[in-house]
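Visitor: Residue numbers (UniProt numbering): 247 to 605.
Ideal placement from N, C-alpha and C gives every residue a C-beta, glycine not left out.
First the structure, which I've put down as C-alpha cells, then a few questions once you've had a look.
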Ligand code: F6R
C-alpha cells in the first residue's frame with residue numbers, strides 16, 4: 247500500500263533510512279560485529295577471487311561492492327554484467343567465489359550464469375530481496391536484503407540495501423582474515439551515519455524537486471560524472487534518469503570526457519558532478535570546469551568535508567567507501583521529480599517490467 251504517496255518510488259526512496267537500520271539489526275550483533283554464518287565466511291575465505299554478477303541496478307551495486315571487498319579484504323574482485331558473463335565467460339581463478347546480486351532473484355540473465363557456476367561445482371552466494379526466489383534456491387548461500395517489497399520498476403532501496411550488505415560482508419570477511427582496515431571499519435557506526443544522512447537528504451526533497459524542474463524538464467540529455475566510486479554511482483544515477491524520465495543520460499568517468507564525449511556538450515547541457523572522494527575531488531572539479539567552458543550547466547553533489555561555496559547539494563560525511571549510500575539518493579529524487587513533473591507514470595515506465603525473466 248502506498249498510503250499517502252502518489253507513487254511507490256517516492257515511498258521506497260523514503261524507506262531507505264529504515265532499511266539501513268533494519269540491516270544493522272539483522273546482520274550486526276549488539277557490539278556491532280557482523281553476524282554472518284561461519285560456513286559462508288569459510289567458503290569465502292578460501293576464495294582467491296570474488297566474481298560479482300548482476301544486471302542493471304544490481305550490476306551497479308556490484309561495482310561499489312568491488313571497492314568494498316578489495317579495500318576491506320584485499321581479495322581481487324571482478325564485477326560482471328550477467329548477460330555478458332553467460333556467453334563470454336572470463337578466465338576463472340583457481341578458487342573463485344560467486345556473488346549474485348538480484349533484487350527479484352528471478353533475472354534470467356543472472357540465472358543462466360548461476361546454472362553454469364553450479365555445473366562447474368563452484369560455491370555461490372545470492373543477495374536478494376526475495377526469499378525462495380530461483381537464484382536464492384539455486385545458490386549455495388543466501389543473504390536477504392530485508393528491504394520490504396520493491397514495487398516501483400525503478401530500483402532504489404534494493405540498491406542501497408545491496409551495498410549495505412556488501413559492506414557488512416566485506417567487514418566480516420576482512421576481519422576473519424585479520425585485515426587491519428576491516429578491523430578499523432566501524433560498520434555499525436557507518437550505517438547509523440548513513441541512516442541519518444539519507445534522512446537529512448530526503449527531508450530536503452523540495453530542493454531536489456526545484457532542481458529537477460529548473461534543469462531537467464526540457465533537456466534531451468544529461469551527464470553524471472565522477473571518478474572511481476563516484477563514477478560507479480554516476481552509472482546508476484544515469485540509469486534512473488533514463489528509465490523513468492526518458493532523458494538520454496550517461497554516467498561517465500570524468501577524466502575520460504575530454505577524450506571524445508565532451509563534443510556532445512552544448513549550451514545548457516546539464517553535467518552533474520559527484521564528488522565524495524578526497525583524492526579525486528579536485529580532478530573532477532577541473533573536469534566540470536572543462537564542460538562549463540563549453541556551455542554546460544554544471545551541478546555538484548558533494549560530501550560536506552569537500553564542499554566549496556556555490557556547490558548545489560551537500561551530503562553529510564561518511565566513510566568514503568560508504569558514500570554511494572548517500573550520493574545516490576539526490577539522483578534518485580532528481581529522476582523521480584523529473585518524471586513526475588513531466589506527467590509520466592513514475593512507477594511503470596514504458597517498455598519495462600519489474601523482473602526480467604527472458605534472456
Ligand atoms: C533499474 C532496474 C533494473 C534491475 C535489473 C536487475 O531500476 O530495476 O536495472 O536492477 O533488471 O534486476 P534484479 O536485481 O531483480 O536481478
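Assess, as a yes-or-no matter, whether the region 356-363 is touched by the region 310-320 under the definition of 3 or more beta carbon pairs within less than 8 Å.
Guide: no
Visitor: I'd like the ranges of any alpha helix (DSSP H) spanning at least 4 consecutive residues and lying wholly in the region 247-274.
Guide: 254-260, 262-273
Visitor: Does any heavy atom of the ligand F6R sit closer than 7 Å to the C-beta of residue 485?
Guide: Residue numbering aside, residue 485 sits at position 239 when the chain shown is read from its first letter. Yes.
Visitor: Should residue 300 and residue 307 be called a contact, given that it needs their Cβ atoms to be closer than 8 Å?
Guide: Along the chain shown, read from residue 1 onward, the residue named residue 300 stands at position 54. Along the chain shown, read from residue 1 onward, the residue named residue 307 stands at position 61. Cβ atoms of residue 300 and residue 307: closer than 8 Å.
Visitor: Identify every run of the beta strand (DSSP E) within the region 303-373, keeping only runs that are complete inside it and at least 3 residues long; order them along the chain.
Guide: 323-327, 342-348
Visitor: Could you name the residues, in chain order, whose CB is less than 7 Å away from a heavy atom belonging to the ligand F6R?
Guide: 300, 301, 302, 303, 304, 347, 348, 349, 350, 351, 352, 353, 356, 399, 400, 401, 404, 485, 486, 489, 601, 602
Visitor: According to DSSP, is residue 420 part of a helix, a strand, or is it coil?
Guide: Taking the chain shown and counting its residues from 1, the one referred to as residue 420 is at position 174. Residue 420: helix per DSSP, three-state reduction.
Visitor: Residues bridged to residue 543 by DSSP?
Guide: Counted from its first residue, the chain shown places residue 543 at position 297. Residue 543 is bridged to 516.
Visitor: Leaving out five residues on either side along the sequence, give the residues of the same chain with a beta carbon under 8 Å from the beta carbon of residue 280.
Guide: Position 34 of the chain shown, counted from the first residue, corresponds to residue 280. Excluding residues within five positions, the ones whose Cβ falls inside 8 Å are 273, 274, 414, 415, 417, 418, 421, 433.
Visitor: So, using beta-carbon positions, are residue 406 and residue 571 closer together than 8 Å?
Guide: Along the chain shown, read from residue 1 onward, the residue named residue 406 stands at position 160. Along the chain shown, read from residue 1 onward, the residue named residue 571 stands at position 325. In contact: residue 406 and residue 571 (Cβ atoms closer than 8 Å).
Visitor: Taking one C-beta from the region 578-593 and one from the region 481-493 each time, how about it: are there three or more such pairs within less than 8 Å?
Guide: Because the criterion of three Cβ pairs below 8 Å is met, the region 578-593 and the region 481-493 touch.
Visitor: Within its chain, find whatever has a CB closer than 6 Å to the CB of residue 289; leave out the 5 residues flanking it on each side and keep chain order.
Guide: Position 43 of the chain shown, counted from the start, is the residue given in the question as residue 289. Cβ within range, chain order: 369.
Visitor: Return the residue from the list 253, 261, 257, 269 that minimises the CA-CA distance to residue 435.
Guide: Counting from one through the chain shown, the residue named residue 435 turns up at place 189. When only C-alpha atoms are compared, the closest one is 269.
Visitor: DSSP on residue 404, reduced to helix/strand/coil?
Guide: Within the chain shown, the letter at position 158 stands for residue 404. Correct three-state label for residue 404: helix.
Visitor: Assuming contact is defined by CB atoms lying nearer than 8 Å, are residue 491 and residue 341 in contact in what I supplied?
Guide: Start at 1 with the first residue of the chain shown, and residue 491 comes out as number 245. Start at 1 with the first residue of the chain shown, and residue 341 comes out as number 95. Cβ distance not < 8 Å, so residue 491 and residue 341 don't count as in contact.
Visitor: May I ask you to report which of helix, strand or coil DSSP gives residue 560?
Guide: Within the chain shown, numbered from 1, the residue matching residue 560 stands at position 314. If DSSP states are grouped into helix, strand and coil, residue 560 belongs with the strands.
Visitor: Taking only the alpha-carbon atoms, compute the straight-line gap between residue 255 and residue 431 and give it to the nearest angstrom.
Guide: The sequence position of residue 255 within the chain shown is 9, counting from 1. The sequence position of residue 431 within the chain shown is 185, counting from 1. If you take the alpha carbons of residue 255 and residue 431, they lie about 32 Å apart.
Visitor: Where in the UniProt domain "SIS" (458-595) do unbroken runs of the alpha helix (DSSP H), each at least 4 residues long, occur, reported from the N-terminal end onward?
Guide: With a minimum length of 4 residues, the continuous alpha helix (DSSP H) runs that stay inside the UniProt domain "SIS" (458-595) are 475-491, 524-539, 570-587.
Visitor: Have a look at 346, 556, 259 and flag the residue whose alpha-carbon is nearest the alpha-carbon of residue 402.
Guide: For the purposes of this step, residue 402 is taken as residue 156 along the chain shown, with counting starting at 1. The shortest Cα separation from residue 402 among 346, 556, 259 belongs to 259.
Visitor: For residue 409, which three-state DSSP category applies?
Guide: The count along the chain shown starts at 1 and reaches residue 409 at position 163. Residue state, collapsed to three classes: helix.
Visitor: Is residue 530 near residue 476, with beta carbons less than 8 Å apart?
Guide: The sequence position of residue 530 within the chain shown is 284, counting from 1. The sequence position of residue 476 within the chain shown is 230, counting from 1. Yes. Within cutoff.
Visitor: Looking only at DSSP bridge pairs, what is residue 299 linked to?
Guide: Within the chain shown, the letter at position 53 stands for residue 299. According to DSSP, residue 299 bridges with 326, 346.
Visitor: Three-state secondary structure (DSSP) at residue 603?
Guide: Along the chain shown, one-based indexing puts residue 603 at 357. Reduced to three states, the DSSP call for residue 603 is coil.
Visitor: Going by DSSP, what residue range makes up the beta strand (DSSP E) through residue 388?
Guide: On the chain shown, position 142 is the one that residue 388 refers to. Looking at the DSSP string, the run of the beta strand (DSSP E) that includes residue 388 is 387-390.
Visitor: Classify residue 262 as buried or exposed, calling it buried when 16 or more other Cβ atoms lie within 10 Å of its own Cβ.
Guide: As a first step, residue 262 is located in the chain shown; it is residue number 16 there, counting from the start. It counts as buried.
Visitor: Going by the beta-carbon positions, is the gap between residue 499 and residue 473 smaller than 8 Å?
Guide: Locating residue 499 in the chain shown gives position 253, counting from the first residue. Locating residue 473 in the chain shown gives position 227, counting from the first residue. Cβ atoms of residue 499 and residue 473: closer than 8 Å.
Visitor: DSSP puts residue 280 in a beta bridge; with which residues?
Guide: Sequence index remark: in the chain shown, residue 280 carries index 34 (1-based). Bridge partners of residue 280: 274.
Visitor: Are residue 286 and residue 387 close, meaning C-beta to C-beta below 8 Å?
Guide: In the chain shown, counting from the first residue as 1, residue 286 sits at position 40. In the chain shown, counting from the first residue as 1, residue 387 sits at position 141. Yes, the Cβ-Cβ distance between residue 286 and residue 387 is below 8 Å.
Visitor: Using C-beta distances below 6 Å, list every residue in its chain close to residue 355, excluding the 5 sequence neighbours before and after it, in chain order.
Guide: Position 109 of the chain shown, counted from the first residue, corresponds to residue 355. 301, 328, 329, 605.
Visitor: Cα-Cα, which of 569, 494, 457, 454 is closest to residue 466?
Guide: In the chain shown, the residue the question calls residue 466 occupies position 220. Here the closest residue by C-alpha is 494.
Visitor: For residue 449, report the span of its alpha helix (DSSP H) as first-last.
Guide: Within the chain shown, the letter at position 203 stands for residue 449. Unbroken alpha helix (DSSP H) run through residue 449: 433-449.
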